[in-house]
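Peer 1: In the numbering used here, the protein residues as written are 88 to 487.
The structure that follows is given in the form of structure tokens.
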């Protein structure tokens, strides 16, 4: 079994004991964002050209409580809910079927921690950390079999499968029973068990913290490309075949934490450590990655929304509210995921719309009016499909 260590520290944290300015590697594309100040007026129409609203059908077999994650393929929404359960809806929001069921028998899961879509074979993999197995189903929910975790695998927090059928696992921050230096692992199937292709070592936190904040979604799959970002990092990596390569680096005027800083703060948990980094004006990392055909969208430091035009190689960064629509929330919601086209996917709960019923009824959007007329407090969430404008960067940068 090929089992090598890929030390992100070599590229990402090749640093002295002291904190130091960000040094952009020559081998990656630097993401340098033009700043949009808080008082700059940013009409939402300059960012989003269309929002489609898809209410998810509410049935006795599909009553969602709290959406944890959304994946998309072949016109289907695969939705992981905290019930727990994994539900499939079509492009109109019509409920199709569930994936698996809770239990301890064959084809049943004890708890779904994460799942992935095998787009090549039209299968769903459900990660059951209690059983230490992945249960496989087709898109209609028929059980196909299982594969055991490798001995060195821990409890994946997020999983994604590449077009080469390589699985990328993201682990939560170490906590007591999950203590490990590995932040990510690349895996491939080998008979009935996973084989570890690459271990990605990056952790600098020792204090138990439980699971990471749900606002972090540091893996993006779009257009047969997978990107990911380690904690407290300016780097973004791509999975290409069975290799990990540096792809982008966020340019920031802030310093990056050095070994001495992390050593002196090793007893702090993730949240307290992030606060201390902010207090010392250190870069606290990339919290979300979403990629479309044209754009790379990032949430950095739990605060800044960054939009990078991949063709123009220019970007903007802003902090604040845009016409009463907070675009941080668009990027921070843990369920958001980019498709392989020019839109991003999110959701809102019925109370969000019902609280704004008066304003919506005055709106000229007939689709929105129809939506609010049919919603109740007990309805399932509404999927939102945002189509981004193609000239976002040129619209804002000349105004600087």
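Ideal Cβ placement from N, Cα and C applies to all residues, glycine included.
Within its chain, find whatever has a CB closer than 6 Å to the CB of residue 119; leave out the 5 residues flanking it on each side and keep chain order.
Peer 2: Locating residue 119 in the chain shown gives position 32, counting from the first residue. These residues qualify, in order along the chain: 338.
Peer 1: Starting from residue 117 and walking both ways along the beta strand (DSSP E), at which residues does that stretch end?
Peer 2: Taking the chain shown and counting its residues from 1, one reaches residue 117 at position 30. Element bounds for residue 117: 116–118.
Peer 1: Which partner residues of residue 187 appear in the DSSP bridge assignment?
Peer 2: As a working note, residue 187 is residue 100 in the chain shown. In DSSP, residue 187 forms no bridge with anything.
Peer 1: Pull up the distance between the alpha-carbon of residue 329 and that of residue 439, whole angstroms please.
Peer 2: Within the chain shown, the letter at position 242 stands for residue 329. Within the chain shown, the letter at position 352 stands for residue 439. Roughly 43 Å between the two C-alpha positions.
Peer 1: Is it true that the CB of residue 182 sits closer than 9 Å to the CB of residue 222?
Peer 2: Reading the chain shown from its first residue, position 135 is the one you call residue 222. Reading the chain shown from its first residue, position 95 is the one you call residue 182. Cβ distance not < 9 Å, so residue 222 and residue 182 don't count as in contact.
Peer 1: Might you give, ordered along the chain, the residues of its own chain that have their beta carbon closer than 6 Å to the beta carbon of residue 478, omitting 5 neighbours on each side?
Peer 2: Here residue 478 corresponds to residue number 391 of the chain shown, with the count starting at 1. For residue 478, where only same-chain residues beyond five positions count, there are no Cβ hits under 6 Å.
Peer 1: So residue 246 packs on residue 202, CB below 8 Å; how close in whole Å?
Peer 2: Position 159 of the chain shown, counting from 1, holds the residue named residue 246. Position 115 of the chain shown, counting from 1, holds the residue named residue 202. With 8 Å as the limit, residue 246 and residue 202 qualify as a contact, their Cβ atoms being about 7 Å apart.
Peer 1: When you compare only the Cα positions, how much space is there between residue 482 and residue 149?
Peer 2: Counting from one through the chain shown, the residue named residue 482 turns up at place 395. Counting from one through the chain shown, the residue named residue 149 turns up at place 62. In a straight line, the C-alpha of residue 482 is about 42 Å away from that of residue 149.
Peer 1: Are the Cβ atoms of residue 173 and residue 199 separated by less than 9 Å?
Peer 2: For the purposes of this step, residue 173 is identified with residue 86 of the chain shown, where counting begins at 1. For the purposes of this step, residue 199 is identified with residue 112 of the chain shown, where counting begins at 1. Cβ distance < 9 Å, so residue 173 and residue 199 count as in contact.
Peer 1: Going by alpha carbons, who is nearest to residue 333 out of 342, 313, 345 and 344?
Peer 2: Against the chain shown, residue 333 aligns to sequence position 246. Of 342, 313, 345 and 344, the residue nearest in Cα terms is 313.
Peer 1: Among all the DSSP beta bridges, which residues are the ones paired with residue 170?
Peer 2: Position 83 of the chain shown, counting from 1, holds the residue named residue 170. Residue 170 is not bridged to any residue.
Peer 1: Taking just the CA atoms, how far does residue 213 sit from residue 404?
Peer 2: In the chain shown, the residue the question calls residue 404 occupies position 317. In the chain shown, the residue the question calls residue 213 occupies position 126. If you take the alpha carbons of residue 404 and residue 213, they lie about 36 Å apart.
Peer 1: Between residue 319 and residue 343, is the Cβ-Cβ spacing less than 9 Å?
Peer 2: Residue mapping note: residue 319 aligns to position 232 of the chain shown, counting from 1. Residue mapping note: residue 343 aligns to position 256 of the chain shown, counting from 1. Against a cut-off of 9 Å, the Cβ pair of residue 343 and residue 319 comes out as a contact.
Peer 1: Could you give the distance in angstroms between the alpha-carbon of residue 341 and the alpha-carbon of residue 372?
Peer 2: Reading the chain shown from its first residue, position 254 is the one you call residue 341. Reading the chain shown from its first residue, position 285 is the one you call residue 372. Distance between the alpha carbons of residue 341 and residue 372: 11 Å.
Peer 1: Would you mind working out which of 278, 224, 361 and 248 sits nearest residue 235, comparing C-alpha positions?
Peer 2: Here the question's residue 235 lines up with position 148 in the chain shown. Here the closest residue by C-alpha is 278.
Peer 1: To the nearest angstrom, how far is the alpha carbon of residue 468 from that of residue 215?
Peer 2: Here residue 468 corresponds to residue number 381 of the chain shown, with the count starting at 1. Here residue 215 corresponds to residue number 128 of the chain shown, with the count starting at 1. Distance between the alpha carbons of residue 468 and residue 215 is about 25 Å.
Peer 1: Given this structure, state the Cα-to-Cα distance separating residue 347 from residue 357, to the nearest angstrom.
Peer 2: For the purposes of this step, residue 347 is identified with residue 260 of the chain shown, where counting begins at 1. For the purposes of this step, residue 357 is identified with residue 270 of the chain shown, where counting begins at 1. Each residue's alpha carbon lies about 17 Å from the other.
Peer 1: Short of 7 Å in beta carbon distance, which residues of its chain neighbour residue 210, apart from the five on each side in sequence? Order them along the chain.
Peer 2: The residue labelled residue 210 in the question sits at position 123 within the chain shown. Excluding residues within five positions, the ones whose Cβ falls inside 7 Å are 223, 224, 225 and 231.
Peer 1: Would you mind giving the Cβ-Cβ distance between residue 250 and residue 208, rounded to the nearest angstrom? I have them listed as a contact below 8 Å.
Peer 2: As a working mapping, residue 250 is identified with position 163 in the chain shown. As a working mapping, residue 208 is identified with position 121 in the chain shown. With 8 Å as the limit, residue 250 and residue 208 do not qualify as a contact, their Cβ atoms being about 11 Å apart.
Peer 1: At 3 residues or longer, what runs of the beta strand (DSSP E) sit wholly inside the region 136–180?
Peer 2: Listed in chain order, they are 154–160, 163–168 and 172–177.
Peer 1: For residue 350, report the span of its beta strand (DSSP E) as first-last.
Peer 2: Here residue 350 corresponds to residue number 263 of the chain shown, with the count starting at 1. Per DSSP, residue 350 belongs to no beta strand (DSSP E); it is in the alpha helix (DSSP H), 346–351.
Peer 1: So, at 6 Å on beta carbons, what are the nonlocal neighbours of residue 76 in its own chain, with the 5 sequence-adjacent residues on each side left out?
Peer 2: This structure gives no information on residue 76, because the portion of the chain shown stretches from 88 to 487.
Peer 1: Taking residue 168 as the reference, give the member of 160, 151, 179 and 184 with the closest Cα.
Peer 2: To locate residue 168, count along the chain shown from 1; it is residue 81. Selected option, being the one with the closest Cα: 151.
Peer 1: Please list, in chain order, all residues of the same chain as residue 205 whose beta carbon is under 6 Å from its beta carbon, the five residues on each side excluded.
Peer 2: One-based indexing of the chain shown puts residue 205 at position 118. If we look at residue 205 and ignore the five residues flanking it on each side, its Cβ neighbours are 248.
Peer 1: Is the beta carbon of residue 406 sitting closer than 9 Å to the one on residue 390?
Peer 2: Sequence index remark: in the chain shown, residue 406 carries index 319 (1-based). Sequence index remark: in the chain shown, residue 390 carries index 303 (1-based). Taking 9 Å as the Cβ cut-off, residue 406 and residue 390 qualify as a contacting pair.
Peer 1: From residue 393 to residue 258, what distance separates their C-alpha atoms?
Peer 2: Residue mapping note: residue 393 aligns to position 306 of the chain shown, counting from 1. Residue mapping note: residue 258 aligns to position 171 of the chain shown, counting from 1. Residue 393 and residue 258: Cα-Cα distance of roughly 25 Å.
Peer 1: Among 131, 459, 475 and 305, which one has its Cα closest to the Cα of residue 140?
Peer 2: On the chain shown, residue 140 is found 53 positions in, with the first residue counted as 1. Out of 131, 459, 475 and 305, 459 has the C-alpha closest to the C-alpha of residue 140.
Peer 1: When we look at the beta-carbon of residue 252 and count the other beta-carbons within 10 Å, is it buried (16 or more) or exposed?
Peer 2: For this step, residue 252 is matched to residue 165 along the chain shown. It is exposed - the Cβ of residue 252 has fewer than 16 other Cβ atoms within 10 Å.
Peer 1: Put residue 435 into one of helix, strand or coil per three-state DSSP.
Peer 2: Translated into positions along the chain shown, residue 435 becomes position 348. Three-state result, residue 435: strand.
Peer 1: Answer yes or no: do residue 287 and residue 323 have a C-beta to C-beta separation smaller than 9 Å?
Peer 2: Counting from one through the chain shown, the residue named residue 287 turns up at place 200. Counting from one through the chain shown, the residue named residue 323 turns up at place 236. Not closer than 9 Å, so no.
Peer 1: Name the two residues that bound the continuous alpha helix (DSSP H) containing residue 480.
Peer 2: Residue numbering aside, residue 480 sits at position 393 when the chain shown is read from its first letter. Taken as a continuous stretch (DSSP letters only), the alpha helix (DSSP H) holding residue 480 covers 479–483.
Peer 1: Would you kindly work out how many angstroms separate the C-alpha atoms of residue 464 and residue 436, rounded to a whole number?
Peer 2: As a working note, residue 464 is residue 377 in the chain shown. As a working note, residue 436 is residue 349 in the chain shown. Cα-Cα distance, rounded: 9 Å.
Peer 1: Determine the burial state of residue 217: buried for a count of at least 16 other Cβ atoms within 10 Å of its Cβ, exposed for fewer.
Peer 2: As a working note, residue 217 is residue 130 in the chain shown. Label assigned to residue 217: exposed.
Peer 1: Quick test of your reading: residue 480 and residue 396, contact by CB under 8 Å. State the CB separation rounded to the nearest angstrom.
Peer 2: In the chain shown, the residue the question calls residue 480 occupies position 393. In the chain shown, the residue the question calls residue 396 occupies position 309. Indeed they touch by this definition, with Cβ atoms about 5 Å apart.
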